[in-house]
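Asker:
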């Protein structure tokens, strides 16, 4: 790019807030822009070109001015206009003017042109002067009146700015900064309270006593600084500002300490939450598992590093990784171990099934059957649990499922298999019991009891033996009959003489009398016996 007076003027207008691609290129070339592409006190100070001018002015001493010709070397060439270049960097006068504009806009200098002194407040008027006039400025000097350098540094410290030091904008920036001061004072008090409590991981403080004391002094210094600034809430009051650049730099570090301690508190809180989380997770996983031992080792190293004032970042990273591994493993096993809604419905159907009801009835009546088989089967089935609400995000704050409290170390992991095989196992129990019934009904001792059954009862038993199938529907009378066969019937014989005697030896009797005598005969014959097991036979 060829530097012309127009391009240099564009650079000044870019400083003044007007967009200009050519002007921005010039400012970038002189290293005057911040990362946000703006002119700030800090960005101007970072430019070696601008620093050369400020340092040259400093050498002159307080109250002295730096004349135009003291910045340039003049190369006289016969026949052409004298060529002027800056004594350092060989910059053209137009570029020097751009540097002066940047220094002027940030309040670092004042510029005198033909008897008129331009301050940061007058930058807009300065920027529209002709380049010919600007390059022939009379002198520059340190600013008088408002301490604009210090004011801008303080504004920057609290996130405010005053572009070109426009008086109206500056007044607004001062008011906004002043309104932030009480917020910062309260923040300092909050951080100091935390500092007095300590930044604890378990019983260990991340900071030693000397460091805490040093930090407390820095925080107190920043608080007093903010309280001092509360008095300067307007431009007229700012004229009396008595704060050095070195003091502002010191308070910038103190302000960064607040931010650092706030970050430290978040980090320590995360460590504490993480350690507490993993302690609970060990209970779910099993205290003696290899994973739990890894947790103990890592936490021990972390606490040791904290105690020794060493970095614990790698320990914290390892704990985070262990937590992620735990969440992934817990979630996967939970999904495999808990029943879905469909599987839970199947479980309830099995528990209500007619097959189970039939086996329960047989179990309650026939002691010969191995009822413990059914008890174990049902106990396993009922221990299965359904849970289909768990999300991975639930495990970020709690190491166990908030819906079912599943424990990796204690809860069974075969629930789905149990439901899947439940009906097959129930059928196996049925078949086994049926074989037991049939085999025992074939025993000679049981066969003798068959003669005491009615014809219909004998046929039902014979069908059971031959078909190996229980009659459906299975009524309680059949179950009781089988029970009695296994428990044994008691035969009671009534002789012919007892019947004749009961009928009154041929004497006439009413119907009621006959009925009463029959009941009396039976009751006498079965007295003291189990009525359900008695079978009455006529003895001729």
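Numbering (my numbering), first residue to last: 10 to 549. Just so it is clear, CB atoms sit at the ideal spot from N, CA and C, and this is done for glycine as well. From a predicted model like this one, the values you see are computed outputs, not experimental measurements.
Please name the residue, chosen from 161, 107, 459 and 471, that lies closest to residue 496 on a Cα-to-Cα basis.
Answerer: Per the Cα distances, 459.
Asker: Could you tell me if residue 153 is buried or exposed, where buried requires 16 or more neighbouring beta carbons within 10 angstroms of its beta carbon?
Answerer: So residue 153 counts as exposed.
Asker: Is residue 187 buried or exposed, if buried means 16 or more other CB atoms sit within 10 Å of its CB?
Answerer: Looking at its Cβ environment, which holds 16 or more other Cβ atoms inside 10 Å, residue 187 is buried.
Asker: Does the segment 214-229 come into contact with the segment 124-133, if we say contact requires no fewer than three beta-carbon pairs (one atom in each stretch) closer than 8 Å?
Answerer: Segments in contact, no.
Asker: Just to confirm before moving on: does the CB-CB distance between residue 270 and residue 200 stay below 8 Å?
Answerer: Cβ atoms of residue 270 and residue 200: closer than 8 Å.
Asker: Going by alpha carbons, who is nearest to residue 358 out of 492, 390 and 347?
Answerer: When only C-alpha atoms are compared, the closest one is 390.
Asker: Roughly how many angstroms separate the alpha carbons of residue 385 and residue 453, rounded to a whole number?
Answerer: If you take the alpha carbons of residue 385 and residue 453, they lie about 32 Å apart.
Asker: Could you spell out the range, first to last residue, of the alpha helix (DSSP H) harbouring residue 192?
Answerer: First-last of the alpha helix (DSSP H) with residue 192: 176-206.
Asker: Ignore the nearest five residues each way along the sequence and tell me which others in residue 287's own chain have a CB closer than 8 Å to its CB.
Answerer: Closer than 8 Å at the Cβ level, and outside the excluded window around residue 287, lie 304, 308, 328, 331, 332, 335 and 408.
Asker: First and last residue of the beta strand (DSSP E) that includes residue 101?
Answerer: Where residue 101 is concerned, there is no enclosing beta strand (DSSP E), given that its DSSP letter is neither H nor E.
Asker: Quick check on residue 347: buried or exposed, where buried means 16 or more other Cβ atoms within 10 Å of its Cβ?
Answerer: Answer is buried; the Cβ neighbour count reaches 16.
Asker: Could you give the residue range of the beta strand (DSSP E) that holds residue 421?
Answerer: Segment: none, residue 421 is in no beta strand (DSSP E) and carries neither H nor E.
Asker: Just list the beta strand (DSSP E) runs in the segment 415-492, keeping only unbroken ones of 3 residues or longer that don't cross its boundaries, in chain order.
Answerer: Taking only runs of at least 3 residues, no beta strand (DSSP E) segment lies wholly in the segment 415-492.
Asker: Can you tell me where the beta strand (DSSP E) holding residue 120 begins and where it ends?
Answerer: 119-122 is the extent of the beta strand (DSSP E) around residue 120.
Asker: Using 8 Å as the threshold, is the C-beta distance between residue 21 and residue 116 below it?
Answerer: Their beta carbons are not under 8 Å apart, which means residue 21 does not touch residue 116 by this criterion.
Asker: Restricting to Cα atoms, I'd like to know which of 457, 356, 193 and 451 is closest to residue 477.
Answerer: The residue with the shortest Cα to Cα distance from residue 477 is 451.
Asker: Residues in the same chain with beta-carbon distance under 6 Å from residue 494, minus the five sequence neighbours each way, listed in chain order, please.
Answerer: Within the same chain, residue 494 has close Cβ partners 455 and 458.
Asker: Counting only runs of 3+ residues fully inside the segment 41-87, write out the beta strand (DSSP E) ranges in chain order.
Answerer: You should have 81-84.
Asker: Which of the three DSSP states, helix, strand or coil, is assigned to residue 126?
Answerer: Three-state result, residue 126: strand.
Asker: Using the three-state DSSP reduction, which class does residue 148 fall into: helix, strand or coil?
Answerer: It is a strand residue.
Asker: Using only the alpha-carbon positions, how far apart do residue 161 and residue 171 sit?
Answerer: The straight-line gap from Cα to Cα measures roughly 7 Å.
Asker: Between the Cα of residue 470 and the Cα atoms of 414, 490, 484 and 259, which residue gives the shortest distance?
Answerer: Here the closest residue by C-alpha is 490.
Asker: Using beta-carbon positions only, say whether residue 474 and residue 377 come within less than 8 Å of one another.
Answerer: No, Cβ-Cβ distance for residue 474 and residue 377 is not below 8 Å.
Asker: To which residues of the same chain is residue 100 closer than 8 Å at the C-beta, ignoring the five residues directly before and after it?
Answerer: Excluding residues within five positions, the ones whose Cβ falls inside 8 Å are 58, 94 and 108.
Asker: At a cut-off of 7 Å, is residue 54 close to the ligand GDP when judged by its beta-carbon and the heavy atoms of the ligand?
Answerer: Absence of the ligand GDP from the depicted structure is noted, as is the absence of any ligand whatsoever, leaving it without description.
Asker: Is the CB-CB distance between residue 235 and residue 267 below 8 Å?
Answerer: Cβ distance not < 8 Å, so residue 235 and residue 267 don't count as in contact.
Asker: To the nearest angstrom, report how far apart residue 264 and residue 340 are at their CA atoms.
Answerer: Whole-angstrom Cα-Cα distance: 44 Å.
Asker: For residue 315 and residue 275, I'd like the C-alpha separation in whole angstroms.
Answerer: Distance between the alpha carbons of residue 315 and residue 275 is about 16 Å.
Asker: Is the beta carbon of residue 166 closer than 8 Å to that of residue 260?
Answerer: Yes.
Asker: Taking contact to mean at least 3 C-beta pairs separated by less than 8 Å, is the segment 34-48 in contact with the segment 136-148?
Answerer: Flag = no, the segment 34-48 and the segment 136-148 do not touch.
Asker: Taking the alpha helix (DSSP H) that residue 331 falls in, what are its first and last residues?
Answerer: Run containing residue 331: 322-346, per the alpha helix (DSSP H) assignment.
Asker: Just to check my reading of the structure: residue 488 and residue 530 have Cβ atoms closer than 8 Å, yes? What is that Cβ distance to the nearest angstrom?
Answerer: Actually they are not in contact, since the Cβ atoms of residue 488 and residue 530 sit about 30 Å apart, beyond 8 Å.
Asker: Following the continuous beta strand (DSSP E) through residue 94, name the residue where it begins and the one where it ends.
Answerer: 92-95 is the extent of the beta strand (DSSP E) around residue 94.
Asker: Quickly, what does DSSP pair residue 30 with across the bridge? List them, please.
Answerer: DSSP, once it has assigned bridges, lists no residue as partnering residue 30.
Asker: Under the three-state reduction of DSSP, which class applies to residue 317: helix, strand or coil?
Answerer: Note: residue 317 maps to coil in three-state DSSP.
Asker: Would you report the Cα separation of residue 10 and residue 18, rounded to the nearest angstrom?
Answerer: For residue 10, the predicted structure reports a pLDDT of 46, less than 50, and the residue's modelled location is therefore unreliable. The matter cannot be settled from this model.
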